[in-house]
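Protein chains: 2
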Amino acid sequence: MNYKLTIAFDGASFSGWQFQKNAPTVQAVMTEAAQSFFTSPATVTGCSRTDSGVHADNYVCNVKTERTIPPDAVVRGMNTLLPDSVAVKGCECVPEDFHARYDCKSKEYHYKILNTNIPDPFLAHRAYKFGTKLDVDKMAEDAAYLVGTHDFASFMASGSKIVDTTRTVFNTSVERDGDLITFSISADGFLYNMVRIITGTLIDLNLGRAKHSMREIIEMRERSVAGFTAPPDGLYLFKVNY
Amino acid sequence: MNYKLTIAFDGASFSGWQFQKNAPTVQAVMTEAAQSFFTSPATVTGCSRTDSGVHADNYVCNVKTERTIPPDAVVRGMNTLLPDSVAVKGCECVPEDFHARYDCKSKEYHYKILNTNIPDPFLAHRAYKFGTKLDVDKMAEDAAYLVGTHDFASFMASGSKIVDTTRTVFNTSVERDGDLITFSISADGFLYNMVRIITGTLIDLNLGRAKHSMREIIEMRERSVAGFTAPPDGLYLFKVNY
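Each protein sequence line maps, in turn, to chains F and W. Our numbering puts the first residue of the first sequence at 929, with every later residue one more than the last. Our numbering puts the first residue of the second sequence at 929, with every later residue one more than the last.
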């Protein structure tokens, strides 16, 4: 059996999704819960790696196991076995060849900025606190240049081994709700640290400390001309489409 | 000098506001930060005790110390010394006789219910997860009976030594935002566990498992006829008025 699970996790206490020796990961916690629930071997495949501290509203993974159990019971049972920081929100049975990573058509990320000097205990590790007032309209204008099919090499962490750095961004938006700014971006794929580097670039452009415009930064295909890498705390995998 | 501080805290990691030996409290953390910041003895007086696990959006305390420092600098400095779970949101200089508890005119509490079977990692310890669907309109109708000056003995934890159990409730409301229900109540004062017992009573009335109506429960002045004590996780001190 192959189950497609949609999960949410608070990434603050995890060293990302992907298995690591001697570090807590969401994949390890999910695999342990699945093997305990199904009382049989179970392999858990995620839709993407995530960095340490990154969150997910709707991450997708698929679980392969020998046992057949109704999806509703999988949701209930898994949630009794998972820690508070991870929750299964939905489950469906999918064909044996469904693969959470390879079959993904697009993803949407959100990046949350707490735009004030006053900390919020309820957003600690869940947003990037940035005190200097940001102009959301300018952020939205700059972000709109990303839409379309571009070579996004400027927004890939240096050292990444990916060769084809062309991706298609479908949509961007920047919205303010009080002190909380949410930058949303959907694309057919993302390079390593792409959303965090784009966020840092939007902030640098806002503060007038970037040497080039967003259009130029895209065209230059050079990591050094883009902005800083915003911290993982504000990043959420919001949706994965198949 | 006497400073009035408005603070927010995530109560999940604290055994309430009030000093305790061998248990982490918000008062201890605030006192330690104040003494370190003012580099002088400082006494921190809170507007009320809070139970272990209870949160605050805007708790008020006053800090007495010998040192005179501009309020803005107090906010900034205290926040660099406090853990992520506590934040100073505002500070003002007040007359020497200002007392956070005695001078309080009214308070507003919020109680958050996550009304679904699916856990939310971002609301773990921050809302009461209650799976059975609740009728918010009926909750609001029942809560409205509380408005006015009444003897609220039915909603006081047994064992409390308070003799005068009459309080004036100014306003109540119950609102739903997706799966999250927020019950709000403001009053000139609250008895021990009053909001949590009222919340449990609203839920029991909703599910038809209460033997009496809200009006009868108020009139009977008897803890045993009211509902269960809802857990601390969902309770927030939202505002304190002077």
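Using N, Cα and C, we set each Cβ at its ideal position, and we do this for glycine too. In this text the structure is predicted, and so the values were computed from the model without any measurement.
With 16 other Cβ atoms within 10 Å as the buried cut-off, status of residue i
i	result
Ala1071 of chain W	buried
Tyr1030 of chain F	exposed
Tyr1170 of chain F	exposed
Ala1055 of chain F	buried
Gly1087 of chain W	exposed
Pro874 of chain W	Examination of residue 874 of chain W is not possible in this model, given that chain W is present from 929 through 1170 alone.
C-alpha distance - residue i paired with residue j, whole-angstrom precision
i	j	result
Lys1066 of chain F	Asn1134 of chain F	7 Å
Ile1125 of chain F	Asp1161 of chain F	13 Å
Ala970 of chain F	His983 of chain W	39 Å
Ile1109 of chain F	Val972 of chain F	33 Å
Ala1068 of chain F	Asn1099 of chain F	11 Å
Pro998 of chain F	Gly939 of chain F	28 Å
Val1091 of chain F	Ala1028 of chain F	22 Å
Phe1111 of chain W	Lys1017 of chain W	24 Å
His1038 of chain W	Ser1114 of chain W	9 Å
Val1153 of chain W	Glu1144 of chain W	9 Å
Ile1046 of chain W	Ser1141 of chain W	30 Å
Glu994 of chain W	Lys1089 of chain F	60 Å
Val1003 of chain F	Leu1009 of chain F	10 Å
Lys1061 of chain W	Ala1001 of chain F	19 Å
Asp1116 of chain W	Phe1166 of chain W	14 Å
Ala1015 of chain W	Glu1036 of chain W	19 Å
Ile1041 of chain W	Asn930 of chain W	37 Å
Glu960 of chain F	Pro1011 of chain F	11 Å
Thr996 of chain F	Gly1076 of chain W	57 Å
Residue range of the alpha helix (DSSP H) that includes residue i
i	result
Gly1128 of chain W	Met1122 to Asn1134
Val1003 of chain F	Pro999 to Leu1009
Ser964 of chain F	Val954 to Phe966
Minimum C-alpha distance to residue i - residue among the options
i	options	result
Gly1059 of chain W	W:Glu1069, W:Ala1068 and W:Thr1044	W:Thr1044
Pro1159 of chain W	W:Glu960, W:Ala1052, W:Phe1080 and W:Thr1096	W:Ala1052
Val954 of chain F	F:Ala961, F:Ala962, F:Gly944 and F:Gln963	F:Gly944
Phe1156 of chain W	W:Thr1129, W:Met1006, W:Glu1036 and W:Asp1079	W:Thr1129
Cys975 of chain F	F:Pro1049, F:Arg1004, F:Cys989 and F:Cys1021	F:Cys989
Glu1020 of chain W	W:Glu1036, W:Leu1042, W:Leu1009 and W:Val991	W:Val991
Gly1005 of chain W	W:Tyr1073, W:Gln963 and W:Ala1028	W:Gln963
Phe1080 of chain F	F:Val1064, F:Phe1050 and F:Glu1147	F:Glu1147
Leu1074 of chain F	F:Ser1086, F:Val957 and F:Thr1096	F:Thr1096
Gly981 of chain F	F:Met929, F:Ser941 and F:Ile1131	F:Ser941
Met923 of chain W	W:Arg1104, W:Phe1118 and W:Val1102	The requested residue 923 of chain W does not occur in the structure, where chain W is confined to residues 929 to 1170.
Met1122 of chain F	F:Ser1082, F:Val957 and F:Ser968	F:Ser1082
Cβ of residue i within 8 Å of any chain F Cβ
i	result
Asn1007 of chain W	yes
Asp979 of chain W	no
Ser976 of chain W	no
Asp1107 of chain W	no
Pro1049 of chain W	yes
Ala1015 of chain W	yes
Asp1012 of chain W	yes
Ala1055 of chain W	no
Ala956 of chain W	no
Ala1115 of chain W	no
Ala1052 of chain W	yes
Neighbour flag for residue i against chain W, beta carbons, 8 Å
i	result
Ala1072 of chain F	no
Ala961 of chain F	no
Pro999 of chain F	no
Pro952 of chain F	no
Gly1168 of chain F	Sequence check: residue 1168 of chain F is Val here, not Gly. So no, Val1168 of chain F is outside the interface.
Phe937 of chain F	yes
Ser964 of chain F	no
Ile911 of chain F	Only positions 929 to 1170 of chain F appear in the structure, and residue 911 of chain F is not among them; the question remains open.
Beta strand (DSSP E) segment containing residue i, residue limits
i	result
Ala1068 of chain F	Element bounds for Ala1068 of chain F: not the beta strand (DSSP E) but the alpha helix (DSSP H), Val1064 to Ala1072.
Thr1110 of chain F	Leu1108 to Ala1115
Arg1143 of chain F	Looking at the DSSP string, Arg1143 of chain F is not in any beta strand (DSSP E); the run it does join, the alpha helix (DSSP H), is Met1142 to Met1148.
Ile1046 of chain W	Run containing Ile1046 of chain W: none; DSSP gives neither H nor E here.
Val972 of chain W	Ala970 to Gly974
Phe1058 of chain W	It is not in any beta strand (DSSP E) - Phe1058 of chain W carries neither H nor E in the DSSP assignment.
Asn930 of chain F	Asn930 to Phe937
Arg1104 of chain W	Thr1094 to Asp1105
Cys1032 of chain W	First-last for Cys1032 of chain W: undefined, no H or E at that position.
His1078 of chain F	Gly1076 to Asp1079
Gly1018 of chain F	Val1014 to Val1022
Thr1157 of chain W	Here Thr1157 of chain W belongs to no beta strand (DSSP E), and DSSP marks it neither H nor E.
Proximity test, residue i beta-carbon vs the ligand GTP heavy atom, cut-off 7 Å
i	result
Arg1095 of chain F	The ligand content of the structure shown is nil, which means the ligand GTP is not present either.
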